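Student:
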Amino acid sequence: MAEPILKATNLHKTYKMGKVPLQVLRGATLHVNEGECVAVLGDSGSGKSTLLHLIAGLDRPDAKPEPTIVFDGSDIGAMSIAQRDVYRAQQVGIVFQAYHLLTELTALQNVVIAGMVRHGFGYWGNRRELTQRAHELLDVVGLGERAGHRPVELSGGERQRVAIARALINQPRLLLADEPTGNLDEQTAGRVLEMLMRVREQQNLTLVMVTHSTSIASQADRTVRIEFGQIRASESEFASVIG
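Here our numbering is used: the first residue of the sequence shown is -4, the next is one more, and so on.
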């Protein structure tokens, strides 16, 4: 069996709420195979967003008891801040529940800007290629004709599709989605999720998405639950293990 491309093991995370410690993760472990789509199902406050932040290198787990986050052989926990920035820019695409689009930029510019972050000063030498790729991605998510529109001129579903295109501009191998349809109505959410799954399959992305919705989680290859800061196998996965 191939080695999992993502191995997040024994993750603990405690935040201080004033003088009171709040333990969000209590030894969470998640291993994901390359090209797999895993849904992390959990209620609000269960620690699922914190888990994604740790995998993305946006935050660090508690130092004890010896947590590890390894992506394709690279130890994320051992990276410096600058190295984690490079890891996110080159390997990871992130889709948040809130779209985080820059209101003064067009849909096209919001997608391109992520490429600017990755390439830095080298962007100017890659500008034409990045702009072309941004146009192609907007076509993929069904917004080719809306490339010149600003976020205020787009619906919620369209804004989220721009955010997905932005997450894909740097051709990441790992896509992290935090409640990607949480702000959308049921019909729009279904269309966005269908599009996300189609793009994931076309580009052979490894996808980890967190959600509180069982219907959304059912679209994944595998579903796990996060409860009390720990990850547990879904009922179907548990049955396959003991069957």
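All residues carry an ideal CB built from backbone N, CA and C; glycine is no exception. The model shown is predicted, which means the values in this text are computed figures rather than measured ones.
Give a yes or no on contact between the region 204 to 221 and the region 34 to 43, applying the rule of three or more CB pairs nearer than 8 Å.
Tutor: yes
Student: Where are the alpha helix (DSSP H) runs, 4 residues long or more, that stay fully inside the region 44 to 104, in chain order?
Tutor: 76 to 86
Student: To the nearest angstrom, report how far apart Asp134 and Thr101 are at their CA atoms.
Tutor: Mapped onto the sequence shown, residue 134 falls at position 139. Mapped onto the sequence shown, residue 101 falls at position 106. In a straight line, the C-alpha of Asp134 is about 15 Å away from that of Thr101.
Student: Closer than 6 Å by C-beta to Tyr82: which residues in its own chain qualify, once you throw out the five before and the five after it? Chain order, please.
Tutor: Here residue 82 refers to the residue found at position 87 when the sequence shown is read from its first residue. Within the same chain, Tyr82 has close Cβ partners Gly52.
Student: State the start and end residues of the unbroken beta strand (DSSP E) segment that holds Val27.
Tutor: Reading the sequence shown from its first residue, position 32 is the one you call residue 27. Residue range Val15 to Val27 is occupied by the beta strand (DSSP E) that includes Val27.
Student: Taking Cβ to Cβ, would you say Val87 is nearer than 8 Å to Lys2?
Tutor: Your numbering for residue 87 matches position 92 in the sequence shown. Your numbering for residue 2 matches position 7 in the sequence shown. Contact: no.
Student: In angstroms, rounded to a whole number, what distance separates the CA positions of Phe223 and Lys43?
Tutor: Translated into the one-based positions of the sequence shown, residue 223 becomes position 228. Translated into the one-based positions of the sequence shown, residue 43 becomes position 48. Cα to Cα, Phe223 sits roughly 10 Å from Lys43.
Student: Which same chain residues end up closer than 7 Å to Pro(-1) when comparing Cβ atoms and leaving out the 5 residues on each side of it in sequence?
Tutor: Taking the sequence shown and counting its residues from 1, the one referred to as residue -1 is at position 4. The answer, listed in chain order, is His26, Val27 and Asn28.
Student: The alpha helix (DSSP H) with Ile159 in it runs from where to where?
Tutor: Taking the sequence shown and counting its residues from 1, the one referred to as residue 159 is at position 164. Per DSSP, Ile159 belongs to the alpha helix (DSSP H) from Gly151 to Leu163.
Student: Rounded to whole angstroms, what is the Cα-Cα separation between Leu138 and Asn121?
Tutor: In the sequence shown, counting from the first residue as 1, residue 138 sits at position 143. In the sequence shown, counting from the first residue as 1, residue 121 sits at position 126. So the two alpha carbons sit approximately 23 Å from each other.
Student: Could you give the distance in angstroms between the alpha-carbon of Gly72 and the alpha-carbon of Arg186?
Tutor: The sequence position of residue 72 within the sequence shown is 77, counting from 1. The sequence position of residue 186 within the sequence shown is 191, counting from 1. One Cα belongs to Gly72, the other to Arg186, and the distance between them is close to 36 Å.
Student: Could you pull out every residue in the same chain whose Cβ sits closer than 7 Å to the Cβ of Arg128, ignoring the five residues on either side in sequence?
Tutor: As a working note, residue 128 is residue 133 in the sequence shown. Around Arg128: Ile164.
Student: Would you report the Cα separation of Glu196 and Gly30, rounded to the nearest angstrom?
Tutor: Sequence index remark: in the sequence shown, residue 196 carries index 201 (1-based). Sequence index remark: in the sequence shown, residue 30 carries index 35 (1-based). Roughly 8 Å between the two C-alpha positions.
Student: Bridge partners of Val33, per DSSP?
Tutor: Looking up residue 33 in the sequence shown gives position 38. BP columns for Val33 point to Val203 and Arg217.
Student: Tell me whether Asn121 sits in a helix, a strand or coil according to DSSP, three-state version.
Tutor: For the purposes of this step, residue 121 is taken as the residue at position 126 of the sequence shown. Helix at Asn121.
Student: Compare the C-alpha of Gln182 against each of Arg141, Val157 and Glu153 and name the closest.
Tutor: Working through the sequence shown from its first residue, we reach residue 182 at position 187. Considering only alpha carbons, the answer is Glu153.
Student: Label Ser39 either buried or exposed according to how many other C-beta atoms from any shown protein chain fall within 10 Å of its C-beta, with 16 as the threshold for buried.
Tutor: Taking the sequence shown and counting its residues from 1, one reaches residue 39 at position 44. By the neighbour-count rule (16 or more Cβ atoms within 10 Å), Ser39 is not buried but exposed.
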